[in-house]
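What follows is a single structure, written as structure tokens, with notes after it.
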Amino acid sequence: MGRHLVGLLALPFALTFASCEPQERERPPGGGVGMPNTPPTTGNTPAPTSGRSLPPLSGGTLLVLSDPDLAVVSEPDLNRVFVVRLSGGIVHEIALEDGAEPGRAVEDAAGNVHVVLRNKNAVLTVDPGDGETRTTPVCLAPRGIGYDAASDSLYVACALGSVSNIAASDGMAIKTFELEPDLRDVVINGDHIFISKFRSAEVLLVSHDGEIKGRKRPASTTDFTSTVAWRMAPFQDGVVMAHQRSADREIDVSPEVEDGVYQGGGSCDSALVQAAVTTFSVDDTGALTSRTTSLSTL
Numbered sequence: 020m021g022r023h024l025v026g027l028l029a030l031p032f033a034l035t036f037a038s039c040e041p042q043e044r045e046r047p048p049g050g051g052v053g054m055p056n057t058p059p060t061t062g063n064t065p066a067p068t069s070g071r072s073l074p075p076l077s078g079g080t081l082l083v084l085s086d087p088d089l090a091v092v093s094e095p096d097l098n099r100v101f102v103v104r105l106s107g108g109i110v111h112e113i114a115l116e117d118g119a120e121p122g123r124a125v126e127d128a129a130g131n132v133h134v135v136l137r138n139k140n141a142v143l144t145v146d147p148g149d150g151e152t153r154t155t156p157v158c159l160a161p162r163g164i165g166y167d168a169a170s171d172s173l174y175v176a177c178a179l180g181s182v183s184n185i186a187a188s189d190g191m192a193i194k195t196f197e198l199e200p201d202l203r204d205v206v207i208n209g210d211h212i213f214i215s216k217f218r219s220a221e222v223l224l225v226s227h228d229g230e231i232k233g234r235k236r237p238a239s240t241t242d243f244t245s246t247v248a249w250r251m252a253p254f255q256d257g258v259v260m261a262h263q264r265s266a267d268r269e270i271d272v273s274p275e276v277e278d279g280v281y282q283g284g285g286s287c288d289s290a291l292v293q294a295a296v297t298t299f300s301v302d303d304t305g306a307l308t309s310r311t312t313s314l315s316t317l
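Under the numbering used here, think of the first position of the sequence shown as 20, with each following residue one higher.
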């Protein structure tokens, strides 16, 4: 399963790398790139309205299963979970309640798939074979989920800081412990539980009893600080995390700056943000170590 998740990490880096290549494009008349010649209308102009509420920007999740022709797709905008064959065709389409917002998913040893329902404080369990489902309540605002093969149990990390541990087979609650707010992905690799924090891109090393044994944030540079953990997945004896780096230097916003766009235009070094990948592992003393690579150095 880990190899498939690592493959998913390549997409944001490929897109960002492409944006760092010099590109010839026509500059519109007037101010900066893509800016209108006149300011937006103000005064009595009514604000735009919509007849429906918009779904949160959370994105979907694709998980390729141990059967390499099967995948589970979370589609939060449609409140659907799909079991599909990569060779073609939908096997099962599972409709959820409005606002369920399905997200991260993990497969257990029995082949069942467990999907966090971000807005329902629950985990949906799906049998990819017959499409049967079960819903298990967990902590508030679940975000990440990991499978522990040794105990045949699931660890669910929630945005407010709780972690729920439930049995994979029947959803029975085992324990809940409190860590810190803004938790995101969970990876169990051997005896180690790795939990990421979304905004800081920090990784926590946690014991099975809920004790924080160590923490590590990707290395910063002179001009950039690591932020926004996009995705964390198993890698060798540790984890690999795709994350963002944000500029913490003074930004020149004058219109004379050539190609002064958000992702850098002609050079990653001029960007406000960078994509980066960091690997984390546990050394012989039990401490977390890390190594970071930025796209601007590739």
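Here a beta-carbon is modelled for each residue, glycine too, at the ideal position from N, C-alpha and C.
Values in this document were obtained by computation on a predicted structure and should not be read as measured data.
Short of 7 Å in beta carbon distance, which residues of its chain neighbour residue i, apart from the five on each side in sequence? Order them along the chain.
i           : result
residue 128 : 168 and 171
residue 237 : 220, 245, 262, 295, 297, 309 and 311
residue 88  : 104, 105 and 106
Whose C-alpha, out of the options, is nearest the C-alpha of residue i?
i           : options               : result
residue 208 : 256, 224 and 215      : 256
residue 174 : 154, 196 and 153      : 196
residue 93  : 108, 133, 105 and 85  : 133
residue 311 : 297, 166, 118 and 305 : 297
residue 246 : 262, 86, 135 and 231  : 262
residue 120 : 166, 100, 152 and 258 : 100
residue 210 : 198, 228, 204 and 199 : 228
residue 95  : 86, 149, 260 and 135  : 135
residue 165 : 313, 258 and 265      : 258
residue 155 : 240, 149 and 141      : 141
residue 80  : 250, 305 and 267      : 250
Per DSSP, residue i forms a beta bridge with which residues?
i           : result
residue 262 : 248 and 295
residue 177 : 161
residue 95  : Paired residues: none, contrary to the question.
residue 167 : 172
residue 308 : 300
residue 156 : 141
residue 233 : 224
Exposed or buried, which one is residue i when buried takes at least 16 other CB atoms within 10 Å?
i           : result
residue 221 : buried
residue 307 : buried
residue 37  : Note that residue 37 has pLDDT 48, beneath the 50 cutoff, so the model's placement of it is unreliable and no number is given.
residue 214 : buried
residue 40  : Model confidence at residue 40 stands at a pLDDT of 49, short of 50, so the residue's coordinates are unreliable; what they give is reported in the following sentence. By the 10 Å Cβ count, residue 40 comes out exposed.
residue 9   : There is no way to answer for residue 9, as the model of the chain reaches only from 20 to 317.
residue 194 : exposed
residue 300 : buried
residue 313 : buried
residue 268 : exposed
So, for residue i: in the same chain, excluding its five sequence neighbours on each side, which residues have a beta-carbon less than 6 Å away from its beta-carbon?
i           : result
residue 212 : 225
residue 115 : 98
residue 158 : 177, 181 and 183
residue 118 : 138
residue 144 : 131, 133 and 153
residue 303 : none
residue 163 : 123, 176, 203, 204 and 205
residue 111 : 102 and 150
residue 305 : none
Could you check if residue i belongs to the surroundings of the ligand NAD, using beta carbon to heavy atom distance under 7 Å?
i           : result
residue 114 : As far as ligands go, the structure on display features none, and thus does not contain the ligand NAD.
By Cβ distance below 8 Å, which residues in the same chain neighbour residue i in space, the five residues on each side in sequence not counted?
i           : result
residue 201 : 178, 180, 216, 217, 218 and 219
residue 270 : 291
residue 84  : 20, 90, 91, 126, 130, 132 and 147
Problem - Start-end ranges of the beta strand (DSSP E) lying completely within the stretch 102–127, minimum 3 residues - result: 109–114 and 121–126
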